[in-house]
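One structure below.
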Amino acid sequence: MVHFFFDFLETIVVALSIFVVIYLFFVQPHEVKGSSMEPNFHNNEFILTDKISYRFQDPKRGDVIIFRSPNNPDVDYIKRIIALPGEKVKAKNGYIYVDETKLSEKYLNDLTFLFPTSKLQNDIDIIVPQDEYFVLGDNRPHSSDSREFGPISRSSIIGKAFIRYWPLPLLGVIPEIKY
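Per the numbering used here, residue 15 is the first one in the sequence shown, and the count goes up by one each step.
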């Protein structure tokens, strides 16, 4: 009986150790909170965040990332990378331009636009500093993003959203966006 107990305990310790290593270094679950990423991600959906890819490659435009809020490091945000370090971002007539090229944002629906009644609609005109990224929510009227707090630092990025696992009917790999 004692032998069985130690075998069981050993199995639990090994399983927990594997879980901790995976959680700390490879993937982490996150819950989508709020409507800032609609229509692509909805409140209370759960995603797995790939924490290792950006150790070997740079984030790309279109990646959906999870990062620590610049205003409260205890809060994680989910947003889409719009512009990379060194690129010029401009808003003009409700559209986003990167290095003078209008982004084709097919992942947005017709109701998604910049704040129509805000000076922010056309007052974005910046060059993204080195090691920083310009991020926006897909639901532009209801998103706290780089228009509010500026570009985010590379060091604040936790990882890339890569699998939606809840609700189950939406289970799947998050598609990559190509511009």
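A virtual CB, placed ideally from N, CA and C, is assigned to each residue, including glycine.
Quick one, which of the options has its alpha-carbon nearest residue i's?
i: Ser170; options: His17, Gly151, Val16 and Val89; result: Val89
i: Asp72; options: Glu24, Trp180 and Ser167; result: Ser167
i: Phe70; options: Pro87, Ile96, Phe40 and Pro84; result: Phe40
i: Pro181; options: Asn57, Leu23 and Ile32; result: Asn57
i: Arg161; options: Ile172, Tyr179 and Val142; result: Val142
i: Ile140; options: Pro189, Val103, Asn54 and Val35; result: Val103
i: Lys61; options: Asn86, Arg75, Pro53 and Glu45; result: Note that residue 61 corresponds to Ile in the displayed sequence, not to Lys. Per the Cα distances, Glu45.
i: Asn86; options: Lys192, Phe163 and Val34; result: Phe163
Less than 6 Å between C-beta atoms, sequence neighbours within five positions excluded: which residues of the same chain meet that for residue i?
i: Lys174; result: Asp64, Ser67, Asp77 and Ile79
i: Asp159; result: Lys93, Val149, Leu150 and Gly151
i: Ala97; result: Val103, Val112, Val142 and Phe148
i: Asn101; result: Correcting the residue type first, residue 101 is Glu in the shown sequence and not Asn. Result list for Glu101: Val112, Asp113 and Val142, in chain order.
Is it buried or exposed, residue i, if we count other Cβ atoms within 10 angstroms and call 16 or more buried?
i: Leu184; result: exposed
i: Ala29; result: exposed
i: Ser31; result: exposed
i: Ser118; result: exposed
i: Leu122; result: buried
i: Glu146; result: buried
Keeping to the same chain, check which residues put their C-beta closer than 7 Å to that of residue i; ignore five residues upstream and five downstream.
i: Val187; result: Phe176 and Ile177
i: Lys116; result: Tyr109
i: Gln144; result: Pro99 and Gly100
- Does the region 151-163 come close enough to the region 44-52 to have 3 or more Cβ pairs within less than 8 Å? Yes: the two stretches touch, three or more of their Cβ pairs being nearer than 8 Å.
- Task: Write down every uninterrupted run of the beta strand (DSSP E) in the region 95-164 whose length is 3 residues or greater and which is fully enclosed by it, in chain order.
- Result: If we require 3 residues or more, the beta strand (DSSP E) runs fully inside the region 95-164 come out as 102-106, 109-112, 139-141 and 146-150.
- Task: Any chance you could list the beta strand (DSSP E) runs of at least 3 consecutive residues sitting entirely within the region 67-91, in chain order?
- Result: Taking only runs of at least 3 residues, the beta strand (DSSP E) segments lying wholly in the region 67-91 are 78-82.
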